[in-house]
Amino acid sequence: MTERVYVAGVGMTKFEKIQSRDWTYPEMVAEATGQALADAGVSYDQVQRAAVGYVFQPSAAGQRALYEIGLTGIPVVNVNNNCATGSTALVLAREWVQAGLADIVLAVGFEQMTKQAMAGDGTIPKVTTVDWHMDALKAAAGFSGAPMTAQFFGAAAAEHMLRYGTTREQLAQVAVKNHEHSTRNPKAQFQDAYTLDQVLGDKLVSDPLTRSQCSPMSDGAGAAVLVSERYVREHGLDRAVPILAQELVTDTGASFESGSMIDVVGAPMARAAGRRVLETAGVGIDDIDVLELHDCFSINELLTYEALGLCGAGESGELVESGATTYGGRWVVNPSGGLISKGHPLGATGLAQCTELVTQVRGNAGDRQVAGAQLGLAHNLGLGGACVVTLYGAPGTVS
């Protein structure tokens, strides 16, 4: 039997509005990594490898990000997988441990974003990471002046409404729920509740999505220390959280063959990754207690409900409206506030999801604790395209 890999420590900064805090990316990484190392009870000189993820910083920023923490000569691998970067760093770290290459490894994700980096220089090269997505959007809905990612997901929302009768109110309810959850999270970028009328009446970004249904640009970092099962046994780490299953998948022809914008924005990847994770762990979606889903836009949370099997196709609007995905319901989805409210520094998002779920299954989430949480599932998506689904179990499980 393959030995499990455990998360021994986690940490993250507060996610901040871009350029609102005077800090450098090595400073934010030091803050998150320091928390993770302290949580794990290890020092940096015990770490044998590090995977460091980011999207907009220069080449080899991963090494520079760790200079203030230590210069120990370990292998540092720089990771960039768009919005799935943080979870991809986590995948790489887990694989190192599982392969027996190291007993203690570090996964880090960070971002210091700018409007200029997100907007680019206004030119569109012949080949981009999302040129196939743009071709699909052009065929399905044409282009508008909205940010390109908002156009992708706005078109997917319009398609879902047309195909299944999903309402604007149901889309907005995702944001209402997640903004309310964020009032319990001191590390969330936004910590204010919104009424349904406020979400619906907010500035339109890409029809039917309003501003409070869209994740903001954010700065911040997250980190996790992963260790081998042997290390857990030898050191009696009773708080270590097992990674029960994890899958990284990329686009197949299914993402583009149908002409559906729902498929273009990642639903096939989420279905494949989710199915494999549940099969590997031998559990069903009804066994999961708490989920952190990649709600970059409200529609994507609804699409992911369907992809992971929380409900059938076209039923996600009714599911969120019923209260099934908040406290007191069948699952609690995005207790952190999700990307919409917690924030979305691209390279850090997957590690922030890890931090939230590890905290939840340990029972240490305070006011946002999901009662009796034993299984937590994370879904981290990047267009262009990658999807990582990870299942965490409660501490004390040693195979």
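Numbering (UniProt numbering), first residue to last: 1 to 399. C-beta: ideal position from N, C-alpha, C; glycine also. Keep in mind that this is a model prediction, so the values were computed, not measured.
For tyrosine 25, the secondary structure class from DSSP, reduced to helix, strand or coil, is helix. Taking the CA atoms as reference points, aspartate 287 sits about 29 Å from leucine 346. Per DSSP, the beta-bridge partners of asparagine 78 are Val52. DSSP, read as helix, strand or coil, puts glycine 34 in helix.
Taken in chain order, the complete beta strand (DSSP E) segments of 3 or more residues contained in the UniProt domain "Thiolase C-terminal" (261 to 384) are 290 to 292, 375 to 382. Less than 8 Å divides the Cβ of valine 91 from the Cβ of leucine 248. Taking the CA atoms as reference points, alanine 221 sits about 31 Å from glycine 309.
Secondary structure note for leucine 90: its alpha helix (DSSP H) is the uninterrupted segment 85 to 98. The bridge partners DSSP lists for valine 7 are Leu226, Val241. Look at tyrosine 194 here: in three-state DSSP terms it is coil, with no helix or strand label.
The stretch 311 to 327 makes no contact with the stretch 72 to 90, as fewer than three CB pairs between them are under 8 Å.
Assignment of phenylalanine 143 by DSSP, reduced to helix, strand and coil, places it in the coil class. DSSP places glutamate 169 within a helical segment (H, G or I) once states are collapsed to three.
Taking a contact to require three or more Cβ pairs closer than 8 Å, the stretch 228 to 245 and the stretch 255 to 265 do not qualify as touching. Glycine 145 and aspartate 103 have their alpha carbons spaced roughly 49 Å apart. Three or more Cβ pairs closer than 8 Å define a contact, and the stretch 274 to 288 falls short of that threshold against the stretch 353 to 368.
With contacts defined by Cβ atoms closer than 8 Å, valine 205 and alanine 139 do not form a contacting pair. The alpha-carbon of glutamate 318 is positioned some 43 Å away from that of valine 232. Counted as a single uninterrupted DSSP element, the beta strand (DSSP E) harbouring glutamate 111 occupies residues 104 to 112. In terms of Cβ geometry, threonine 72 and tyrosine 44 form a close pair [threshold 8 Å].
In this structure the stretch 172 to 179 lies against the stretch 193 to 203, because at least three pairs of beta carbons, one per stretch, are closer than 8 Å. In this structure, histidine 179 lies near serine 212, with their beta-carbon atoms less than 8 Å apart. In the three-state scheme derived from DSSP, where H, G and I count as helix and E and B as strand, tyrosine 231 is classed as helix. Nearest neighbour of aspartate 207 by Cα position, chosen from Ser298, Val10, Ala365, turns out to be Ser298. By a beta-carbon distance limit of 8 Å, valine 320 does not contact leucine 293. Their separation comes to about 11 Å.
Contact check for alanine 36 and alanine 223: beta-carbon distance about 4 Å, within the 8 Å limit, so the pair qualifies.
The shortest CA-to-CA distance from valine 108 to any of Thr114, Ser87, Gln98 is the one to Ser87.
Inclusion of leucine 375 and glycine 393 in the CB contact set at 8 Å is warranted, their separation being smaller than that value. Secondary structure note for glycine 393: its beta strand (DSSP E) is the uninterrupted segment 386 to 393. Following the DSSP letters along the chain, one finds leucine 204 inside the beta strand (DSSP E) bounded by residues 204 to 206. In the displayed model, lysine 138 falls within a helix according to three-state DSSP. Annotation for alanine 188: Ser182, Gly337, Ser341, Lys342 place their beta carbon closer than 6 Å to its own, counting only its chain and skipping 5 residues before and after. In the same chain as methionine 28, and ignoring 5 residues on each side of it, the C-beta atoms closer than 8 Å to its own belong to Thr13, Phe110, Gln112, Asp219, Gly220, Ala221, in chain order. Per DSSP, the beta-bridge partners of methionine 12 are Gly222. Comparing C-alpha distances from glutamine 57 to each of Thr85, Ala40, Thr33 shows the shortest one belongs to Thr85.
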